[in-house]
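Student: Residue numbers (full-length UniProt numbering): 1 to 378.
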Amino acid sequence: MAGSLKNVIVIGGSYVGVATSQGLANLLPTTHRVLLIEPHSHFHHLFAFPRFAILPTHEHKAFIPYTGTFAAAAAAAAGGPEGSRHGVVQARVSALHGDRVVLDREWRGSREIPYEHVVVATGTRLRAPGTMPGDDKASSVAYLRRCQDRLRRARSVAVVGGGAVGVQMATDLKEIYPDKRVTLVHSRAQLMPLYHPKLDEIIKERCRELGVTLVLGSRVDIPADEFQRDTGEPITVSLQDGRTLEADVVIPATGQTPNTQFLSALPPSPSEGGSLVNEANGFIRVGPTLQFRDPAYRHLYAVGDVADSGAHKAARPGAAQAQVVARNILAMVEGREPVEEIVVEPPAIHLTLGLTKNLVFANPDPGETEPWIKHRDE
């Protein structure tokens, strides 16, 4: 049976990759099999990493087995082959070709898997602790515990980067450890500048309330070791405008790099200017159907953070994109044109501001001037 199945491969098992795999498994006919390829042994609950790097005893909760990924498809088929034919392949894709993927290890006797369609859902690489250094649960739990211990011992902490991760870590740190000196450093005057300025006002007021020191308006020179040294001596943070500050621990919470390195084996069409990615930002060039923009690879899709779709890079729009991709691939399997397009909405976020306060914030809709805000105390 497995040898006669046509493979639809999803590369990347984070939030959007799992949603895409499940959407495909629920739609595709029995002639097709969904294979989710992911190097991690467990699903990584990335949103919890910043907090669990600070707050003890919860770190194990951030790693969830992939065993239930296709449970809904199996249940819908009453345990028959409809669900069981799909699977999770624990491996890393080292090369993507036009008809097959190459893995970094063998799976069922081969390092190559042929496919009919591929969905790239590999997201981006963040600096630790936004990303774990290992692929298995045990080493990742141990890493988070080391982070907790280092932060517990520190008298002062500097968080570099005024995006969501930096803001959440700085406010968590100050609420959990009110006696520590916590500094949030950001290159611009406005925190989280993708959003309406009212979010900046809310964050700054919360930082004043907690006692988080803000250092704004200049970029930090991040050294090669990314401040990971733990010598017991204070670390000097140098800003490009000449200012300096010292902290026992420095947490870099800046930047994200698209995970597209495996595309190097896929030659772009001459009409595409020599690149499958937007060279200005590194994200995969896609059309509104989320197919690769290169006409040679219309059977390939990119979804979520790795796609240069124009959509806000977050889990909620990514989940909506997953369903669009699943329906478009079904259309192609059935011999129809994939015509469903994504809807790009204003950026929105659920942001924590310490353990006890959070809010949902959405930028104004077109034609509106005020954001939508819902505060929560919990």
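Think of the CB as a built atom: it goes at the ideal place given N, C-alpha and C, for glycine as much as any other residue. The structure presented is a predicted model; accordingly, all values stated were derived computationally and were not measured.
1) How about the region 310-330 and the region 267-278: do they share at least three Cβ pairs that are nearer than 8 Å?
2) Report the partner residues of E246 according to the DSSP bridge assignment.
3) Just to confirm the assignment, what range does the beta strand (DSSP E) spanning V141 have?
4) What are the start and end residues of each continuous beta strand (DSSP E) run of 3 or more residues lying completely inside the region 193-223, in chain order?
5) Can you check the region 14-60 for any beta strand (DSSP E) of at least 3 residues that lies completely inside it and give the ranges in chain order?
6) Residue ranges of each beta strand (DSSP E) run of no fewer than 3 residues wholly in the region 63-122, ordered along the chain?
7) Can you check which of these residues, T289, Q321, R181, G367, is closest to G304 by C-alpha distance?
8) Return the CA-CA distance between D149 and H42, expressed in angstroms with no decimal places.
9) Is DSSP giving K174 helix, strand or coil here?
10) Output the boundary residues of the beta strand (DSSP E) element that contains A348.
11) Kindly indicate which residue of T20, S156, W107, L27 has the alpha-carbon position closest to the one of I235.
12) Strictly under 8 Å for the Cβ-Cβ distance: is P371 near chain C by that measure?
13) Return the CA-CA distance between D365 and A348, expressed in angstroms with no decimal places.
14) I329 by DSSP, collapsed to three states: which one?
15) How far does the beta strand (DSSP E) with D377 in it reach, from first residue to last?
16) Can you tell me where the beta strand (DSSP E) holding R125 begins and where it ends?
17) Terminal residues of the continuous beta strand (DSSP E) containing N358?
18) Determine which residues share a DSSP beta bridge with L184 and list them.
19) Between V220 and L239, which are expected to be in contact by the criterion C-beta below 8 Å, what is the C-beta distance as a whole number of angstroms?
20) Once DSSP output is grouped into helix, strand and coil, what is the label at Q321?
21) Just the Cα atoms here: how many angstroms apart are I23 and K180?
22) Name the two residues that bound the continuous beta strand (DSSP E) containing Y297.
23) Please go through the same chain and pick out, in chain order, the residues whose beta-carbon is closer than 6 Å to the beta-carbon of T122, but skip the five residues on each side of it.
24) Please report the distance separating the alpha-carbon of P81 from that of I373.
25) Quick check: the region 118-136 against the region 210-219, are at least 3 beta-carbon pairs closer than 8 Å?
26) Going by Cα to Cα distance, which pick from V159, Y143, T356, R105 is closest to F49?
27) Just mark V360 as buried or exposed, buried being the case when its beta carbon has 16 or more other beta carbons within 10 Å.
28) Have a look at T369 and V160 and give me their C-alpha separation to the nearest angstrom.
29) With burial defined as no fewer than 16 other Cβ atoms inside 10 Å of the residue's Cβ, what is the status of S367: buried or exposed?
30) What is the residue span of the beta strand (DSSP E) that V257 lies within?
31) D230 by DSSP, collapsed to three states: which one?
32) Closest to H196 by C-alpha separation, out of P371, S140, L351, would be which residue?
33) Return the residue from the list D225, L28, A53, A62 that minimises the CA-CA distance to Y15.
34) I need the DSSP call for R285, collapsed to helix, strand or coil.
35) What does a CB cutoff of less than 7 Å around F227 pick up in its chain, not counting 5 residues either side in sequence?
Tutor: To lay it out plainly:
1) no
2) Along the sequence shown, one-based indexing puts residue 246 at 246. BP columns for E246 point to T236.
3) Here the question's residue 141 lines up with position 141 in the sequence shown. Where V141 is concerned, there is no enclosing beta strand (DSSP E), although the alpha helix (DSSP H) it sits in stretches over 137-153.
4) 213-216
5) 32-37, 42-44
6) Within the region 63-122, the complete beta strand (DSSP E) runs of at least 3 residues are 63-65, 87-89, 93-96, 100-107, 110-114, 117-120.
7) Residue 304 sits at position 304 when you count from the first residue of the sequence shown. With distances taken between Cα atoms, G304 lies closest to Q321.
8) Reading the sequence shown from its first residue, position 149 is the one you call residue 149. Reading the sequence shown from its first residue, position 42 is the one you call residue 42. If I take the Cα positions, the gap works out to 24 Å.
9) For the purposes of this step, residue 174 is taken as residue 174 along the sequence shown, with counting starting at 1. K174 falls in the helix class under three-state DSSP.
10) Here residue 348 refers to the residue found at position 348 when the sequence shown is read from its first residue. Segment 348-352, the beta strand (DSSP E) holding A348.
11) Taking the first residue of the sequence shown as 1, we reach residue 235 at position 235. For the residues T20, S156, W107, L27, the minimum Cα distance to I235 belongs to S156.
12) Protein chains in the displayed structure number just one, and chain C is not present.
13) Taking the sequence shown and counting its residues from 1, one reaches residue 365 at position 365. Taking the sequence shown and counting its residues from 1, one reaches residue 348 at position 348. Spanning the two alpha carbons is a distance of roughly 11 Å.
14) The residue labelled residue 329 in the question sits at position 329 within the sequence shown. For I329, the three-state secondary structure derived from DSSP is helix.
15) Here residue 377 corresponds to residue number 377 of the sequence shown, with the count starting at 1. Here the beta strand (DSSP E) through D377 covers 372-377.
16) By 1-based counting over the sequence shown, the position of residue 125 is 125. Looking at the DSSP string, the run of the beta strand (DSSP E) that includes R125 is 124-126.
17) Here residue 358 is taken as the residue at index 358 of the sequence shown, counted from 1. That run of the beta strand (DSSP E) goes 357-362.
18) In the sequence shown, counting from the first residue as 1, residue 184 sits at position 184. For L184, which the question treats as bridged, DSSP gives the partners V159, L214.
19) As a working mapping, residue 220 is identified with position 220 in the sequence shown. As a working mapping, residue 239 is identified with position 239 in the sequence shown. With a Cβ gap of about 6 Å, V220 and L239 count as contacting.
20) Residue mapping note: residue 321 aligns to position 321 of the sequence shown, counting from 1. It is helical.
21) Taking the first residue of the sequence shown as position 1, residue 23 is located at position 23. Taking the first residue of the sequence shown as position 1, residue 180 is located at position 180. Note that residue 23 is Gly in the sequence shown here, rather than Ile. Cα to Cα, the separation comes out at about 46 Å.
22) Along the sequence shown, read from residue 1 onward, the residue named residue 297 stands at position 297. Here Y297 belongs to no beta strand (DSSP E), and DSSP marks it neither H nor E.
23) Position 122 of the sequence shown, counting from 1, holds the residue named residue 122. If you ignore the 5 residues before and after T122, its C-beta comes within less than 6 Å of the C-beta of I11, G12, N259, V306, all in its own chain and listed in chain order.
24) Numbered from 1 along the sequence shown, position 81 holds the residue referred to as residue 81. Numbered from 1 along the sequence shown, position 373 holds the residue referred to as residue 373. The predicted model places P81 with a pLDDT of 47, which falls under 50 and marks its position as unreliable, so this point remains unresolved.
25) Because the criterion of three Cβ pairs below 8 Å is not met, the region 210-219 and the region 118-136 do not touch.
26) As a position in the sequence shown, residue 49 is number 49, starting the count at 1. For F49, the closest of V159, Y143, T356, R105 by C-alpha to C-alpha distance is Y143.
27) Here residue 360 corresponds to residue number 360 of the sequence shown, with the count starting at 1. By the 10 Å Cβ count, V360 comes out exposed.
28) Against the sequence shown, residue 369 aligns to sequence position 369. Against the sequence shown, residue 160 aligns to sequence position 160. When the Cα atoms are used, T369 and V160 turn out to be separated by approximately 31 Å.
29) Reading the sequence shown from its first residue, position 367 is the one you call residue 367. According to the sequence shown, residue 367 is Gly rather than Ser. With a 10 Å radius around the Cβ and a threshold of 16 neighbouring Cβ atoms, G367 comes out exposed.
30) Here the question's residue 257 lines up with position 257 in the sequence shown. Here residue 257 turns out to be Thr, not Val, going by the sequence shown. It spans 256-258 - the beta strand (DSSP E) in which T257 sits, taken as one unbroken run.
31) Numbered from 1 along the sequence shown, position 230 holds the residue referred to as residue 230. Correct three-state label for D230: coil.
32) For this step, residue 196 is matched to residue 196 along the sequence shown. Measuring from the Cα of H196, the nearest candidate turns out to be P371.
33) Along the sequence shown, one-based indexing puts residue 15 at 15. It is A62.
34) The residue given as residue 285 occupies position 285 in the sequence shown. Strand at R285.
35) Within the sequence shown, the letter at position 227 stands for residue 227. I235, V250, P252, listed in sequence order.
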